[in-house]
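Beneath this line is the structure, given in structure tokens, with notes to follow.
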Amino acid sequence: MIHFVILLSRQGKVRLTKWYSPYQQKERATVIRELSGLILSRGPKLCNFVEWKGYKVVYRRYASLYFCMCIDQDDNELEILEIIHHFVEILDRYFGSVCELDLIFNFHKAYYILDEILIAGELQESSKKTVARLIAAQDTMVETAKEEAGSISNMISQAM
Amino acid sequence: MNPFSSGTRLRDMIKAIRACKTAAEERAVVRKECAAIRSSISENDQDYSHRNIAKLMFIHMLGYPTHFGQMECLKLIASAGFPEKRIGYLGLMLLLDERQEVLMLVTNSLKQDLGHTNQYIVGLALCALGNICSAEMARDLAPEVERLLLTRDPNIKKKAALCSIRIIRKVPDLAENFLSPATSLLKEKHHGVLIAGVQLCTDLCKVSEDASNHLRKNCTEGLVRILKDICNSPYAPEYDIAGITDPFLHIRVLRLLRMLGHGDADTSEYINDILAQVASKTESNKNAGNAILYECVETIMGIEATSGLRVLAINILGRFLSNRDNNIRYVALNMLMKAISVDSQAVQRHRTTILECVKDSDASIRKRALELVFLLVNDTNAKPLTKELVDYLEVSDQDFKGDLTSKICSIIEKFSQEKKWYIDQMVKVLSLAGNYVKDNVWHALIVAISNAPDLQGYSVRSLYKAFQLSSEQVSLVQVTIWCIGEYGEMLVNNVGVLQVEEPMTVTESDAVDVLESCLTHHSTDITTQSMCLIALLKLSSRFPPSSGRVKEIITTHIGSVVLELQQRAIEFNSIIQRHQNIKSSLVERMPVLDESTFISKRAGSSQANISTEKSNQQLPSGASLKLSNGVAKPAASPLVDLLDLSLDDTPVPTSTSNDFLHDLLDVGLTNSSSSASGTDILMDLLSIGTPVQSNTTPENGSSIKGFNDILPIAKPNTATVQVVDLLDGLASNGSHPGAQSPVHPSIIAYQSSTLKITFSFTKQPDKPQVTQIHATFMNLSSEAYTDFIFQAAVPKFIQLHLDPANSNHLPASGNGRITQTFTITNTQHGQKPLAMRIRIAYKVSNQERLEQGQINNFPPGL
Numbered sequence: 493m494i495h496f497v498i499l500l501s502r503q504g505k506v507r508l509t510k511w512y513s514p515y516q517q518k519e520r521a522t523v524i525r526e527l528s529g530l531i532l533s534r535g536p537k538l539c540n541f542v543e544w545k546g547y548k549v550v551y552r553r554y555a556s557l558y559f560c561m562c563i564d565q566d567d568n569e570l571e572i573l574e575i576i577h578h579f580v581e582i583l584d585r586y587f588g589s590v591c592e593l594d595l596i597f598n599f600h601k602a603y604y605i606l607d608e609i610l611i612a613g614e615l616q617e618s619s620k621k622t623v624a625r626l627i628a629a630q631d632t633m634v635e636t637a638k639e640e641a642g643s644i645s646n647m648i649s650q651a652m
Numbered sequence: 011m012n013p014f015s016s017g018t019r020l021r022d023m024i025k026a027i028r029a030c031k032t033a034a035e036e037r038a039v040v041r042k043e044c045a046a047i048r049s050s051i052s053e054n055d056q057d058y059s060h061r062n063i064a065k066l067m068f069i070h071m072l073g074y075p076t077h078f079g080q081m082e083c084l085k086l087i088a089s090a091g092f093p094e095k096r097i098g099y100l101g102l103m104l105l106l107d108e109r110q111e112v113l114m115l116v117t118n119s120l121k122q123d124l125g126h127t128n129q130y131i132v133g134l135a136l137c138a139l140g141n142i143c144s145a146e147m148a149r150d151l152a153p154e155v156e157r158l159l160l161t162r163d164p165n166i167k168k169k170a171a172l173c174s175i176r177i178i179r180k181v182p183d184l185a186e187n188f189l190s191p192a193t194s195l196l197k198e199k200h201h202g203v204l205i206a207g208v209q210l211c212t213d214l215c216k217v218s219e220d221a222s223n224h225l226r227k228n229c230t231e232g233l234v235r236i237l238k239d240i241c242n243s244p245y246a247p248e249y250d251i252a253g254i255t256d257p258f259l260h261i262r263v264l265r266l267l268r269m270l271g272h273g274d275a276d277t278s279e280y281i282n283d284i285l286a287q288v289a290s291k292t293e294s295n296k297n298a299g300n301a302i303l304y305e306c307v308e309t310i311m312g313i314e315a316t317s318g319l320r321v322l323a324i325n326i327l328g329r330f331l332s333n334r335d336n337n338i339r340y341v342a343l344n345m346l347m348k349a350i351s352v353d354s355q356a357v358q359r360h361r362t363t364i365l366e367c368v369k370d371s372d373a374s375i376r377k378r379a380l381e382l383v384f385l386l387v388n389d390t391n392a393k394p395l396t397k398e399l400v401d402y403l404e405v406s407d408q409d410f411k412g413d414l415t416s417k418i419c420s421i422i423e424k425f426s427q428e429k430k431w432y433i434d435q436m437v438k439v440l441s442l443a444g445n446y447v448k449d450n451v452w453h454a455l456i457v458a459i460s461n462a463p464d465l466q467g468y469s470v471r472s473l474y475k476a477f478q479l480s481s482e483q484v485s486l487v488q489v490t491i492w493c494i495g496e497y498g499e500m501l502v503n504n505v506g507v508l509q510v511e512e513p514m515t516v517t518e519s520d521a522v523d524v525l526e527s528c529l530t531h532h533s534t535d536i537t538t539q540s541m542c543l544i545a546l547l548k549l550s551s552r553f554p555p556s557s558g559r560v561k562e563i564i565t566t567h568i569g570s571v572v573l574e575l576q577q578r579a580i581e582f583n584s585i586i587q588r589h590q591n592i593k594s595s596l597v598e599r600m601p602v603l604d605e606s607t608f609i610s611k612r613a614g615s616s617q618a619n620i621s622t623e624k625s626n627q628q629l630p631s632g633a634s635l636k637l638s639n640g641v642a643k644p645a646a647s648p649l650v651d652l653l654d655l656s657l658d659d660t661p662v663p664t665s666t667s668n669d670f671l672h673d674l675l676d677v678g679l680t681n682s683s684s685s686a687s688g689t690d691i692l693m694d695l696l697s698i699g700t701p702v703q704s705n706t707t708p709e710n711g712s713s714i715k716g717f718n719d720i721l722p723i724a725k726p727n728t729a730t731v732q733v734v735d736l737l738d739g740l741a742s743n744g745s746h747p748g749a750q751s752p753v754h755p756s757i758i759a760y761q762s763s764t765l766k767i768t769f770s771f772t773k774q775p776d777k778p779q780v781t782q783i784h785a786t787f788m789n790l791s792s793e794a795y796t797d798f799i800f801q802a803a804v805p806k807f808i809q810l811h812l813d814p815a816n817s818n819h820l821p822a823s824g825n826g827r828i829t830q831t832f833t834i835t836n837t838q839h840g841q842k843p844l845a846m847r848i849r850i851a852y853k854v855s856n857q858e859r860l861e862q863g864q865i866n867n868f869p870p871g872l
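The listed protein sequences correspond, in order, to chains P and X. Residues in the first sequence are numbered from 493 upward in steps of one, following my numbering. Residues in the second sequence are numbered from 11 upward in steps of one, following my numbering.
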């Protein structure tokens, strides 16, 4: 299973973290620190897998962001690379040519997308179209709810 | 409206934080925002709670504490609208982890949401549950999730399946409930549901044997069909990645087939065809294809495949190995390690490529390749492989050298057939990376040299030459010093020159020069200097003309501030000056340690070490290595005595073996400095009133390990002298009370309602202090005992040596017995009687029990 997902910037800033195994807050900070040191210092030509504490960490760099996923020893690393790419492509499709800034200002949307791709550390959906459709449907629900709330409060404030 | 309410939008807050130039600025902004959020929360401001939580999540990602927002998340989850629930659940998953008790409060909301009419809300609840639930929540909500597995909406179905995976992982007992829904999931068409379903089945197999059998019988056909469909399917734009339809589904089905086919010949045969098809049809120019091939090879290796299929798999790996992509090569090396156990011949064919990988620029690949090479070494290829590795050692990185050196040394030791080759390689390794070589390795080298009289001259000459070139490698220096001391005259007189050697003349003063330069060099450590001193002493006996010069050198250290050097210098000086008559016999050639005994002892201690460290490694039969009950004869490093290393250095090699005794008896046996800690440990362990002074011996060479039998040297170590004096003293006192009859009545040492222990005694008439006790344990209860461990502690004047028990399972009601023998040496025999405290630990119906007692009723005269 995937134990956690971390998105790191080139400077070591954390853009997104998702934990599928029990890690306490202090442990999480330590893990992030260690992995930042380990991964950010690797050269470009090296392979995308690092051994860390009995687990394997698969990472890939997209522009200025490192996408890291930690897996068990017996998992398929090449598949995880594909999952990372799957995630990035869906983000790209949703935000339209996604860049790091999009993920900073809309981190909650990035999380929603991640939740449609992975649950409990396992892959949920292999079709980008389906994921996009589900996210779009939920966004519409939010929009409608906001409009309704907006119109009701308008009515109330007008009634006041 | 409160002017300080969180009026700033999320976007503005993020901008403000990013605009901060220093950490202090950022802290200030965050503090202000947190204050605003806190006040907004306490005012129960409904409008902005959505925004507050979003801000809080961002602040949390920056690393600041945010616990005050946790209850707010719960409130949001409990509210009715979809947007609030969505952000509430997200906040829950981010700000909380499963160990926090607050999580339990969500269970009710989750239950309601799981039954909601809005499918997306059900989805949110399932997602949260699947990511973050604890065991109790899992148990509570499992029935709901089971029900949801049977809905028609594929979105809910797949989320429910993955949620079930987490439930099974947290509470494996619930696995049976999910078995039949999981099987029905496999008949779906929707890929998302299939992926989740296959994964659920895989996890079921891992957790429950029955599930595995059930799936094997009923689902193998369906799985093969799924795989065939996607393998042969035409272009499907929705699932296509790099020309392959849904590689993720491919991989998961392959994995499940591996679990089902593992160990089962019929299933393996059934899936042979589809595996062959996937292996040959999948294109490997893109990562997706390679991922599938990798999984396919893993599956082939994991089931009972035909040899044709195996060959196919190894060929794929061979292709991977020559791929330019680092990832692929890494993965191939990984797989080849597993493939060795299956078909080592085929892997041998790729040896050269693997060797190339050891020199790769990527550290991960180097490490893997080195491990693989190590597994590949056998008698035929040991020599060329070692040569390659040693050549590489010269140019390798510092951080890699340690690993590489230890592997090379293991290979050299295991596979050396000729002594000369062994010595050559070791000298080379020591010259290149002596600082990374472990002590026991060069100790073994010295044993080997001392066991090969015809090669001693050659060894000392090669070492001399190597020393001239690489005197910064500490181990090399130490070995050289020892050899020059022992075999100095062979060096100078060119004894035993082999044909391959170049002629070399070394004078006596050259040899002494070497030692002197070592001694006076600024970076030499105390151990090496001590070795130099003793080597000089030996040389003064072997080279009489240089004796004067040697004496001068030794005299310079009489005033050394290091106690060890000063002591040695003074002693050796006085030997040279006043005791010439015994000097030559003192520094005679060292008696040779029997190599086979040494190797087996070392293997015993290192294997026992391994068994304490890695319990999953399989030890070869040596029942004496089982440390469950008694203490196997631990081997202290015997060379400690041979090499005249100062006594201060002994704790390091012997502490490993003493650790067994230490762990079992918690008796501080290492050295007197640890006797205090030994007492404390003893106090905790036995907790019976005042602690018994543990059986400390001031030096390690004493008889607890029965060691004096092995070492033929009567090394003048102080403690043996002490013990000897003690024994002699007692004997001359002659105060042996009572009869020394070798027959003593057996006693019931300990009896409780559940256990009875009997001791019977034997003594040999010529050894009055030594008693052999045979203990018999009988189970008086009606349930059998397992993991039976007997431990004993004795007062300081008694030495105890436990042999292993004959079993650790004690059947009930006295139907069987466990016997264990131990040997007691009472150094104050005749003056003080035996006493012993015992502790017995065992398991009854999976509960641990402990019994303790003191035995005072030993018959007199023991």
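Heads up, the beta-carbon is just placed ideally off N, CA and C, and yes, glycines get one too. Since we're looking at a predicted model, the values are computed, not measured.
Here's the rule I'm using: 16 or more other beta-carbon atoms within 10 Å means buried, otherwise exposed. How should residue i be labelled?
| i | result |
| --- | --- |
| X/Val571 | exposed |
| X/Gly133 | buried |
| X/Val348 | The amino acid at residue 348 of chain X is misidentified as Val; the sequence shows Lys. It counts as exposed. |
| X/Met67 | buried |
| X/Ser420 | exposed |
| X/Asp239 | exposed |
How far does the alpha helix (DSSP H) with residue i in it reach, from first residue to last?
| i | result |
| --- | --- |
| X/Phe410 | Gln408 to Phe425 |
| P/Leu562 | The sequence given here places Cys at residue 562 of chain P; Leu does not occur at that position. Run containing P/Cys562: none in the alpha helix (DSSP H); it sits in the beta strand (DSSP E), Leu557 to Ile563. |
| X/Gln466 | Pro463 to Leu479 |
| X/Tyr432 | Lys429 to Ala443 |
With respect to 7 angstroms, is the separation between the Cβ of residue i and the closest non-hydrogen atom of the ligand ADP below this value?
| i | result |
| --- | --- |
| X/Glu858 | Absence of the ligand ADP from the depicted structure is noted, as is the absence of any ligand whatsoever, leaving it without description. |
Per DSSP, what kind of secondary structure is residue i in: helix, strand or coil?
| i | result |
| --- | --- |
| X/Val571 | coil |
| X/Phe868 | coil |
| X/Thr212 | helix |
| X/Gly202 | helix |
| P/Tyr515 | coil |
| X/Pro722 | With a pLDDT of only 39 at X/Pro722, under the threshold of 50, the placement of this residue in the model should not be trusted; the figure read from the coordinates follows. Residue state, collapsed to three classes: coil. |
| X/Arg599 | coil |
| X/Met846 | strand |
| X/Arg61 | helix |
| X/Asn583 | helix |
| X/Gly125 | coil |
| X/Ala686 | With a pLDDT of only 39 at X/Ala686, under 50, the local geometry of the prediction cannot be trusted, and the value read off the model is given with reservation. In this structure, X/Ala686 counts as helix in the three-state DSSP scheme. |
Near residue i, which residues of its chain fall below 7 angstroms by C-beta distance, leaving aside the five closest residues on each side in sequence?
| i | result |
| --- | --- |
| X/Leu160 | Pro191 |
| X/Ala462 | Lys429 |
| X/Met500 | Gln466, Gly467, Val470 and Gly506 |
Kindly list the residues whose CB is nearer than 8 angstroms to the CB of residue i, restricted to its own chain and excluding five residues on each side of it in sequence; keep chain order.
| i | result |
| --- | --- |
| X/Lys548 | Gly495, Glu496, Gly498 and Val597 |
| X/Ser594 | Ser551 |
Identify, in the order they occur along the chain, each residue of the same chain with its Cβ nearer than 6 angstroms to the Cβ of residue i, setting aside the five sequence neighbours on each side.
| i | result |
| --- | --- |
| X/Lys766 | Met788 and Leu790 |
| X/Phe477 | Thr490 |
Okay, do the stretch 577-587 of chain P and the stretch 613-631 of chain P touch, 3+ Cβ pairs below 8 angstroms being the bar?
Contact holds: three or more Cβ-Cβ distances are below 8 angstroms.
Check each residue of the stretch 564-575 of chain P: if its Cβ is closer than 8 angstroms to any Cβ of chain A, include it; give the result in chain order.
Here chain A cannot be found, since the structure's protein chains are P and X.
Touching by the beta-carbon criterion (3+ pairs, under 8 angstroms), the stretch 172-187 of chain X and the stretch 149-160 of chain X:
Flag = yes, the stretch 172-187 of chain X and the stretch 149-160 of chain X touch.
Do three or more CB pairs link the stretch 178-188 of chain X to the stretch 234-249 of chain X at distances below 8 angstroms?
Counting Cβ pairs under 8 angstroms, fewer than three are found: no touch.
Any chance the stretch 555-565 of chain P sits against the stretch 360-373 of chain X, with 3 or more Cβ pairs inside 8 angstroms?
Here the stretch 555-565 of chain P makes no contact with the stretch 360-373 of chain X; the two share fewer than three CB pairs at distances below 8 angstroms.
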